[in-house]
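Undergrad: First residue of the first sequence? That's 0 in numbering that gives the first Met the number 0, and the numbers climb one at a time after it. Just so it is clear, CB atoms sit at the ideal spot from N, CA and C, and this is done for glycine as well. I am attaching a structure below and will ask some questions about it afterwards.
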Amino acid sequence: MRLHLSACPPFSLWAVVESHGWVYLPPFAADAQTRTLTRVERLENGRVIELFISEAGDGVTVTAREPLNGPEREEVSRKVWWMLGLGEDLRPFYELARGEPALAHVEAQALGRLLRCPTFFEDLVKTILTTNTTWAGTVRMVSALTSRLGDPLPTDPSRNAFPTAAQIARAGEDALQAMGLGYRTSALAALARQVADGALDLESMKDNNRSSADIYHRLRQIKGVGEYAAAMALMLLGCYDYLPVDAWARKLVARQWHGDQPVGPRQVEAAFARWGRWKALAYWFWEWEEETSAV
DNA sequence: TTCCAGGGGTAGA
DNA sequence: TCTACCCATGGA
């Protein structure tokens with residue numbers, strides 16, 4: 000199976016892949032040599048396949064080893080389109096960024112899209128698993144969740160798709176606790192149960208008809224989702240008007256504008272207020288530049 | 001042993 | 001709404 004998807008320009012697959020840490024979490028993987036993003040994906044009919052995504056022409060080429068029928072191809076197109084934010088138009092952000100030397104490079108490098116998972120459920124689970132832990136801890140927890148609960152890839156059973164909400168709900172809290180999820184166990188179990196039985200429709204939050212304030216409010220009602228996690232999750236929905244203020248954000252603002260003196264959430268908010276509905280993106284790629292230039 | 005990690009929940013004001 | 005305090009895990 001092979002298909003081509005066009006992106007709203009400017010576009011760079013690798014800019015999306017390297018936009019944040021998701022590519023290092025299964026079932027994503029990347030080959031820097033061939034600049035290919037791969038993902039083990041469970042289709043809605045239960046079939047598990049591996050997708051290979053590479054940049055081509057005005058967008059990407061998606062391939063799989065197996066032939067896919069019409070509905071399966073449509074599902075893959077829809078999921079990849081969402082994962083890479085191919086339809087996202089960032090021109091208003093780029094216009095603002097041109098006036099800021101620290102972000103003058105974002106348009107030329109096509110920075111701005113964030114790699115996301117096919118379902119918002121998976122994005123939210125992974126976001127919760129980044130809270131109150133180290134990145135190594137996040138990798139450990141997501142890897143355990145995927146390898147123990149996700150459906151295996153038939154051609155390589157050592158690799159798995161991300162588990163569905165129903166699969167996580169069925170596993171139960173004891174199994175989740177045994178994966179070292181710590182205090183996040185009860186939050187994750189409750190979230191999976193609510194999504195699995197239809198009490199909570201996370202995927203409807205992808206529709207941008209609702210205001211981000213409304214989505215933020217709904218996210219904050221979910222156990223385990225605090226201010227940081229809600230803002231981060233909103234970014235993955237394409238809403239950038241809430242800042243994910245964490246230790247890194249405070250460090251950045253302290254270093255840039257406060258002579259390395261400790262700052263709180265208010266100073267972070269003030270530092271990026273002028274970016275309006277693009278503030279989280281401005282923060283993210285300001286931070287991104289700081290991080291990558293430091294390496 | 002102690003401290004901290006790209007926070008969250010709760011009580012109390 | 002804001003603050004203080006406590007909370008679980010694993011690694012340094």
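Whose C-beta lies closer than 7 Å to the C-beta of residue 194 among residues of the same chain, with five residues either side of it excluded?
TA: Against the first sequence, residue 194 aligns to sequence position 195. The answer, listed in chain order, is 120, 164, 201.
Undergrad: Within 10 angstroms of the Cβ of residue 282, are there 16 or more other Cβ atoms? Answer buried if so, exposed if not.
TA: Counted from its first residue, the first sequence places residue 282 at position 283. It is buried - the Cβ of residue 282 has at least 16 other Cβ atoms within 10 Å.
Undergrad: By Cβ distance, which residues of its chain are closer than 6 Å to residue 62, with the 5 residues on each side in sequence left out?
TA: Here residue 62 is taken as the residue at index 63 of the first sequence, counted from 1. Counting only Cβ-Cβ distances below 6 Å, and skipping sequence neighbours, we find 1, 51.
Undergrad: Here's the rule I'm using: 16 or more other beta-carbon atoms within 10 Å means buried, otherwise exposed. How should residue 94 be labelled?
TA: Translated into the one-based positions of the first sequence, residue 94 becomes position 95. Residue 94 is exposed by the Cβ-count criterion.
Undergrad: Exposed or buried, what is residue 277 when buried is set at 16 or more other beta-carbons lying within 10 Å of its beta-carbon?
TA: Here residue 277 refers to the residue found at position 278 of the first sequence. Buried: at least 16 other Cβ atoms inside 10 Å.
Undergrad: Determine the DSSP secondary structure at residue 58, reduced to helix, strand or coil.
TA: Residue mapping note: residue 58 aligns to position 59 of the first sequence, counting from 1. In the structure shown, residue 58 sits in a strand (DSSP, three-state: E or B).
Undergrad: Rounded to a whole number of angstroms, what is the C-alpha to C-alpha distance between residue 76 and residue 248?
TA: Here residue 76 refers to the residue found at position 77 when the first sequence is read from its first residue. Here residue 248 refers to the residue found at position 249 when the first sequence is read from its first residue. Answer to the nearest angstrom: the Cα atoms are 35 Å apart.
Undergrad: Which residues in the same chain as residue 96 place their Cβ atom closer than 6 Å to its Cβ, once the five residues preceding and following it in sequence are excluded?
TA: Indexing the first sequence from 1 puts residue 96 at position 97. So the qualifying residues of the chain are 102, 105.
Undergrad: Kindly indicate the opening and closing residues of the beta strand (DSSP E) around residue 91.
TA: By one-based count along the first sequence, residue 91 stands at place 92. Unbroken run through residue 91 is the alpha helix (DSSP H), 90-96; no beta strand (DSSP E).
Undergrad: Rounding to the nearest angstrom, what Cα-Cα distance links residue 236 and residue 205 in this structure?
TA: Numbered from its first residue, the first sequence carries residue 236 at position 237. Numbered from its first residue, the first sequence carries residue 205 at position 206. Rounded to the nearest angstrom, the two C-alpha atoms are 6 Å apart.
Undergrad: In terms of DSSP beta bridges, what is residue 47 paired with?
TA: Here residue 47 refers to the residue found at position 48 of the first sequence. Paired residue(s): 41.
Undergrad: Given a cut-off of 7 Å, decide if residue 58 and residue 4 are closer than it, judged by their beta-carbon atoms.
TA: As a working mapping, residue 4 is identified with position 5 in the first sequence. As a working mapping, residue 58 is identified with position 59 in the first sequence. Result yes, Cβ atoms of residue 4 and residue 58 sit closer than 7 Å.
Undergrad: Residues in its own chain within less than 6 Å of residue 244 by CB, not counting five upstream and five downstream?
TA: Start at 1 with the first residue of the first sequence, and residue 244 comes out as number 245. Correct list, in chain order: 264, 267.
Undergrad: Under DSSP, the beta strand (DSSP E) around residue 119 begins and ends at which residues?
TA: Here residue 119 refers to the residue found at position 120 of the first sequence. From DSSP, residue 119 is part of no beta strand (DSSP E) but of the alpha helix (DSSP H) over 119-127.
Undergrad: Can you name, in chain order, every residue of its own chain whose Cβ lies under 8 Å from the Cβ of residue 40, other than the five neighbours on each side?
TA: On the first sequence, residue 40 is found 41 positions in, with the first residue counted as 1. Around residue 40: 26, 47, 48, 49, 50, 75, 78, 117, 160.
Undergrad: Assign residue 196 to one of two classes, buried (16 or more other C-beta atoms within 10 Å of its C-beta) or exposed (fewer than that).
TA: As a working note, residue 196 is residue 197 in the first sequence. Burial call: exposed.
Undergrad: I need the straight-line Cα distance from residue 107 to residue 135, nearest angstrom please.
TA: Along the first sequence, one-based indexing puts residue 107 at 108. Along the first sequence, one-based indexing puts residue 135 at 136. Roughly 32 Å between the two C-alpha positions.
Undergrad: Nearest by alpha-carbon distance to residue 270: which of 259, 246, 253, 199 is it?
TA: Translated into the one-based positions of the first sequence, residue 270 becomes position 271. The shortest Cα separation from residue 270 among 259, 246, 253, 199 belongs to 253.
Undergrad: With DSSP as the reference, label residue 189 as helix, strand or coil.
TA: Here residue 189 is taken as the residue at index 190 of the first sequence, counted from 1. If DSSP states are grouped into helix, strand and coil, residue 189 belongs with the helices.
Undergrad: Give me, in chain order, the residues of the same chain whose beta-carbon lies closer than 6 Å to that of residue 279; leave out the 5 immediate sequence neighbours on both sides.
TA: Position 280 of the first sequence holds residue 279. These residues qualify, in order along the chain: 234, 239, 242.
Undergrad: Exposed or buried, which one is residue 184 when buried takes at least 16 other CB atoms within 10 Å?
TA: Taking the first sequence and counting its residues from 1, the one referred to as residue 184 is at position 185. Residue 184 is buried by the Cβ-count criterion.
Undergrad: Find out if the Cβ-Cβ distance for the pair residue 152, residue 170 is shorter than 7 Å.
TA: On the first sequence, position 153 is the one that residue 152 refers to. On the first sequence, position 171 is the one that residue 170 refers to. Their beta carbons are not under 7 Å apart, which means residue 152 does not touch residue 170 by this criterion.
Undergrad: Taking just the CA atoms, how far does residue 191 sit from residue 216?
TA: Looking up residue 216 in the first sequence gives position 217. Looking up residue 191 in the first sequence gives position 192. Looking at the two C-alpha atoms, the distance is approximately 19 Å.
Undergrad: Given this structure, state the Cα-to-Cα distance separating residue 14 from residue 6, to the nearest angstrom.
TA: Counted from its first residue, the first sequence places residue 14 at position 15. Counted from its first residue, the first sequence places residue 6 at position 7. The alpha-carbon atoms of residue 14 and residue 6 are separated by roughly 13 Å.
Undergrad: Taking the alpha carbon of residue 273 as the point to measure from, which residue in 162, 89, 98, 123 has its own alpha carbon closest?
TA: Your numbering for residue 273 matches position 274 in the first sequence. If we check each option's Cα against that of residue 273, 98 comes out closest.
Undergrad: Quick one: Cα of residue 33 to Cα of residue 12, how far?
TA: On the first sequence, position 34 is the one that residue 33 refers to. On the first sequence, position 13 is the one that residue 12 refers to. One C-alpha to the other measures close to 12 Å.
Undergrad: Give the secondary structure of residue 160 by DSSP, where H, G and I count as helix, E and B as strand, and everything else as coil.
TA: By 1-based counting over the first sequence, the position of residue 160 is 161. It is coil, neither helix nor strand.
Undergrad: From which residue to which residue does the alpha helix (DSSP H) around residue 4 run?
TA: Locating residue 4 in the first sequence gives position 5, where the first residue counts as 1. Element bounds for residue 4: not the alpha helix (DSSP H) but the beta strand (DSSP E), 1-5.
Undergrad: When you compare only the Cα positions, how much space is there between residue 81 and residue 21?
TA: The sequence position of residue 81 within the first sequence is 82, counting from 1. The sequence position of residue 21 within the first sequence is 22, counting from 1. Cα to Cα, residue 81 sits roughly 14 Å from residue 21.
Undergrad: I'd like to check one pair, residue 232 with residue 126: are the Cβ atoms closer than 7 Å?
TA: Mapped onto the first sequence, residue 126 falls at position 127. Mapped onto the first sequence, residue 232 falls at position 233. Their beta carbons are under 7 Å apart, which means residue 126 touches residue 232 by this criterion.
Undergrad: Could you tell me which residues DSSP puts in a beta bridge with residue 28?
TA: Locating residue 28 in the first sequence gives position 29, counting from the first residue. DSSP lists 37 as partners of residue 28.
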